[in-house]
Structures are given as structure tokens and as C-alpha cells.
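Notes follow once the structure below has been shown.
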Ligand SMILES: [Zn+2]
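In the numbering used here, the protein residues as written are 71 to 323.
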């Protein structure tokens, strides 16, 4: 019965609050991975984006004004990773906070001596467990520049990772996936890139991914959608595991 009710709600949202054609065309124009999808997959992405826009709140700050075009673009980026997973994978959090540009959150920590330290780091995006996704609009618009970058997909990958606890590069895997294989592949790739970095060799991905396994999964996910052939060529086992996780067919098949 609840399933029927949900379907009815979804249908009503799609009828009453559609993403209009100009906003959707703007989203496609600024989202290369969405443009590469088949026509039928684009239709599914638009449905998911429409439902996401009703389900989550979008909160611009520091004077930023969000237009329908901007909201449609954010929703398109956000729904790419869950195109074949479903909106339930974004359960447990409710909002996006969007800054005009890079932001500097202030954090406090207390050390063993009881001294309070304040930390300030410039950020393009941030995801809180059970909390909002925070984004710099300027960086949202820089998706694909440099190639493989996408701050929205990065933060959304953290959100998927957090579906089974703290972000650690080990999201909940599907039943037909092999957990041991996932660990082995990601550990091996992480270690390989750390050796490459130590040897001064060029890396196939942003070195930020080598901060820890959670960032590695998020940066690899960005590449999976933005530059899939580069990831497939440089880290084929990681690429294959991400195909299984995101329920995507390998490129060229
Ligand atoms: Zn991150």
C-alpha cells in the first residue's frame, strides 16, 4: 500500500512540479556526463531530478540567488550517481547549502591539554553525516575543468559512502558484489598511486584522492562519471568495481 502511495505522490510531483524544458536544457548544457547518456537514460535522470528538487531543500547563502536553471543543474549532477540506484540512496539528509564561491567553515577542537583550537580551511564542497551537502556554486560550474573533476559528484559519493556509517571508502555494496574483492582492488590501487606519488610519477587522478580511502572513493567516483575512459585505462579494476556499484555498463559496451 505504501508503495502505491509513494508512486501516486511521485506522479503528482512530476505532473505539478516538472523541471521545465529551458531549465533542463541548461542543465544538460553544463553537465557533460548527462549529455553522454542515451535519450531514455536522460528521461530517467530528469524524473529523478524532478523528485529530488521536491525532496531536498536548496538553501543559497551569502546573497546567492538560485534560479530554476541552477537548481535543475544541481539536481542533474546529484542524480547521476544514483541514476541506476534510486533516490532512496540519498535517504537520511535533507538539504543543500550553496555558497557563491569557496567557503571557509570554522571548526573548533579541544586538545588533550584542554586548549581550544580553531581551524579554517578553504573548501569547495563538504558533506556532513546526516547533515547537508555544502557546495561552492563557482565550483559546481567548473565541473569537467580540469577533466575528471565534479564537486557535486564528489560530495554525493561521500553521502553514498555514509549510508553505512562514517565515510571510509566502503559504501554498502549490492548483494551480487564481493566485499573482499572491493577491499582488495581499492587497497591495491591506493597503494599503487601512493608509490607513484612517492616516485614523483604523474598520477592518473587528483592527488587529493590519496588523503584517505574515503577521498579515494570520492575522487574515483568523480572520474567514473566525468572521465570514464581515463579511469578505465588507468585503474581498470577500480573502474570495474564502480561499474558494479553504480550499476553502469562498462564504457564501449
Ligand atoms: Zn571529499
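Every residue gets a Cβ at the ideal spot worked out from N, C-alpha and C, and that includes glycine. Keep in mind that this is a model prediction, so the values were computed, not measured.
- Using a cutoff of 7 Å, the CB of residue 224 counts as near ligand 1, since one of the ligand's heavy atoms is closer than that.
- The three-state reading of DSSP puts residue 204 in strand, counting E and B together.
- Comparing alpha-carbon positions, the option among 236, 212, 218, 171 lying closest to residue 201 turns out to be 236.
- Counting other Cβ atoms within 10 Å of its Cβ, residue 192 stays below 16 and is therefore classed as exposed.
- For residue 292, the distance from the CB to the nearest heavy atom of ligand 1 is not below 7 Å.
- Taking non-hydrogen atoms of ligand 1 into account, the C-beta of residue 228 is found less than 7 Å away from one of them.
- Annotation: residue 102 to residue 268 spans about 33 Å, alpha carbon to alpha carbon.
- Not one heavy atom of ligand 1 is found less than 7 Å from the C-beta of residue 303.
- The alpha-carbon of residue 260 is positioned some 29 Å away from that of residue 162.
- Within the region 128-207, the beta strand (DSSP E) runs of at least 3 residues that lie entirely inside it are, in chain order, 165-169, 176-180, 186-190, 195-197, 203-206.
- When DSSP states are grouped into helix, strand and coil, residue 108 belongs to the coil group.
- Placement of the Cβ of residue 236 at a distance of 7 Å or more from every heavy atom of ligand 1 is found.
- Beyond the five residues adjoining it in sequence on each side, residue 149 comes within less than 7 Å, by CB distance, of 115, 118, 119, 122 in the same chain, given in chain order.
- Counting the other CB atoms within 10 Å of its CB gives residue 293 a total of 16 or more, which places it among the buried residues.
- With a cut-off of 7 Å, the C-beta of residue 285 is classified as near ligand 1, since at least one heavy atom of the ligand falls inside that distance.
- Here DSSP, grouped into helix, strand and coil, assigns residue 219 to coil.
- Straight through space, the alpha carbons of residue 153 and residue 317 are spaced by roughly 9 Å.
- About 7 Å separates the beta carbon of residue 291 from that of residue 312, a gap short enough to meet the 8 Å contact definition.
- Contact check for residue 194 and residue 147: beta-carbon distance about 13 Å, past the 8 Å limit, so the pair fails to qualify.
- With 16 or more other CB atoms across the displayed protein chains lying within 10 angstroms of its CB, residue 302 is buried.
- A buried status is given to residue 203, since no fewer than 16 other beta-carbon atoms sit within 10 Å of its beta-carbon.
- If you check the C-beta of residue 288 against ligand 1, you find a heavy atom less than 7 Å away.
- Distances from the alpha-carbon of residue 228 to those of 180, 110, 286 put 286 closest.
- Apart from sequence neighbours up to five positions away, the residues of its chain that approach residue 296 with a beta-carbon distance below 8 Å are 102, 103, 213, 214, 217, 218, 219, 220, 223, ordered along the chain.
- In the displayed model, residue 264 falls within a helix according to three-state DSSP.
- Closest in alpha carbon position to residue 167, among 252, 299, 130, 136, is 130.
- Taking all protein chains shown into account, residue 230 has 16 or more neighbouring C-beta atoms within 10 Å of its C-beta and is therefore buried.
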